[in-house]
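Chains A and B are the protein sequences, given in the same order.
Going by the numbering used here, the first sequence wraps up at 146, each residue one higher than the last.
Going by the numbering used here, the second sequence wraps up at 146, each residue one higher than the last.
The beta carbon of each residue, even a glycine, is placed where N, CA and C say it ideally should be.
There are 2 protein chains.
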Amino acid sequence: MSAPVTLVVTPLTRDAFAPFGDVIEAAGAATAYAINAGTTTRFHDLATIDAARDGGRPVVSIFRAQPRELPLHVRMLERHPLGSQAFVPLGPQPYLIVVAEDPSLPPRAFLARDGQGINYRAGTWHHPLLALHAVSDFLVIDRAGPGNNCDEVELDTDYLVTL
Amino acid sequence: MSAPVTLVVTPLTRDAFAPFGDVIEAAGAATAYAINAGTTTRFHDLATIDAARDGGRPVVSIFRAQPRELPLHVRMLERHPLGSQAFVPLGPQPYLIVVAEDPSLPPRAFLARDGQGINYRAGTWHHPLLALHAVSDFLVIDRAGPGNNCDEVELDTDYLVTL
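Dropping the structure here:
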């Protein structure tokens, strides 16, 4: 394996993340309206949940992630071919996202801030959860059901992520 | 309408909330295991998402709720007959939950703390979202689809909730 290649970390935005899935945040939501006699605003339908194919069902879990040390080496990616997977932080800590359209090409690295959540489209190559700074809880919505729903790949290049 | 009847507010626990749905929290989860090479704990399958009946699909939204003033009058309840509805707070603020097995009987009032979320089973009578202390965001997982999925009822009694 050759010398590490440093990935540029960019802010998470809906446009930049569109090839990989959804950004779950109120800001910039396409549909928002008042409910409950005006006491609440509903930012509606922020992620495409794809969990029912091949006998699957949507499952709600909490992931409690240890913070990673930076710089971080990215040497593998995984994907869930049968369903989407959403992560919404339950606290204020930022976290890192590393995704690739194809594992033979350099990944993209994003910094999620201010409570931004994400939803990986089924089959999106991504690094497992990368919490920063503190133990961080995330609400996760993914698929349970029959069949193999996790592929892993070792990368040919050693990528390095720092802030 | 006669004089207000004060509801006793009790702490939210899985056991107490069982007639109405699920409590979404890591503490006390029935199934928890290490993933991602031991960097993350998965507290698995914390809520029964029921959103697919009658052509429905699960929808992820953010509700931004104005805080309520206490004491609070509870004079109506609603229910979603076609699907479950989950609320997970995205910040540290506590909030109130008012539910009833039957709207002709006195409701139960619970205080959710420390990030506790809930999932109303389809058809559970409940008061609309009751944030406290500050504008509060909640991740909501409910059903979109055809059919009437919201019933409202006016209560015969004026209930009062305070802390």
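- Taking the beta carbon of asparagine 132 (chain A) as reference, no residue of chain B falls within 9 Å; the closest one sits roughly 13 Å away.
- The Cβ atoms of serine 67 (chain A) and arginine 126 (chain A) lie closer than 9 Å to each other.
- Taken through DSSP and simplified to helix, strand or coil, asparagine 131 (chain B) comes out as coil.
- Secondary structure note for arginine 40 (chain B): its beta strand (DSSP E) is the uninterrupted segment 40 to 48.
- Secondary structure note for phenylalanine 0 (chain B): its alpha helix (DSSP H) is the uninterrupted segment -3 to 0.
- Proximity of isoleucine 124 (chain B) to chain A, defined by a Cβ-Cβ separation below 9 Å, is satisfied.
- For the region -3 to 15 of chain A, the set of residues with a beta-carbon nearer than 8 Å to any beta-carbon of chain B comprises Ile7, Glu8, Ala9, Ala12, in chain order.
- Aspartate 120 (chain A) places its beta carbon 9 Å or farther from that of proline 77 (chain A).
- Non-local beta-carbon contacts of valine 123 (chain B) in its own chain, meaning distances under 6 Å to residues more than five positions away in sequence, involve Ser44, Phe46, Phe70 in chain order.
- Taking all protein chains shown into account, arginine 104 (chain B) has 16 or more neighbouring C-beta atoms within 10 Å of its C-beta and is therefore buried.
- The beta carbon of glycine 100 (chain B) sits closer than 9 Å to some beta carbon of chain A.
- For isoleucine 32 (chain A), DSSP records no beta bridge to any residue.
- Legend: CB atoms of the region 28 to 49 of chain A lying less than 8 Å from CB atoms of chain B belong to residues Asp28, Leu29, Ala30, Ile32, Ala34, Ala35, Arg40, Pro41, Val42, Val43, Ser44, Ile45, Phe46, Arg47, Ala48, Gln49.
- Contact annotation: in the region 68 to 81 of chain B, residues whose CB is within less than 7 Å of a CB in chain A are Ala69, Val71, Leu73.
- Taking C-beta separations shorter than 7 Å and ignoring five residues to either side along the sequence, the partners of leucine 115 (chain B) in its chain run Pro50, Arg51, Gln76, Pro77, Tyr78, Leu79, following chain order.
- Boundaries of the beta strand (DSSP E) around glutamine 68 (chain B): 68 to 72.
- In the three-state reduction of the DSSP assignment, alanine 20 (chain B) falls in the helix class, which pools H, G and I.
- In the structure shown, aspartate 85 (chain B) falls within a coil segment according to DSSP collapsed to helix, strand and coil.
- The three-state secondary structure of aspartate 125 (chain B), taken from DSSP, is strand.
- Straight through space, the alpha carbons of valine 118 (chain A) and phenylalanine 0 (chain A) are spaced by roughly 25 Å.
- Proline 89 (chain A) is a Cβ neighbour of leucine -10 (chain A), given a cutoff of 9 Å.
- Counting every other CB atom within 10 Å of its CB across the protein chains shown gives valine -12 (chain B) a total below 16, marking it as exposed.
- In this structure, threonine 24 (chain A) and alanine 15 (chain A) form a Cβ contact; the two beta carbons are roughly 6 Å apart against a cut-off of 8 Å.
- By the Cβ-count criterion, histidine 109 (chain B) is buried, with 16 or more other Cβ atoms from all chains shown falling within 10 Å of its own Cβ.
- Less than 9 Å separates the beta-carbon of aspartate 134 (chain A) from that of proline 64 (chain A).
- Residue-level contact check: alanine 20 (chain A) touches chain B, since one or more beta carbons of chain B fall below 9 Å from its beta carbon.
- For leucine 115 (chain B), no beta strand (DSSP E) segment is defined, and its DSSP state is neither H nor E.
- When rounded, the separation of the alpha-carbon atoms in histidine 27 (chain A) and alanine 13 (chain A) is 8 Å.
- Partner residues in the beta bridge of leucine 94 (chain B), as assigned by DSSP, are B:Pro(-6), B:Leu79.
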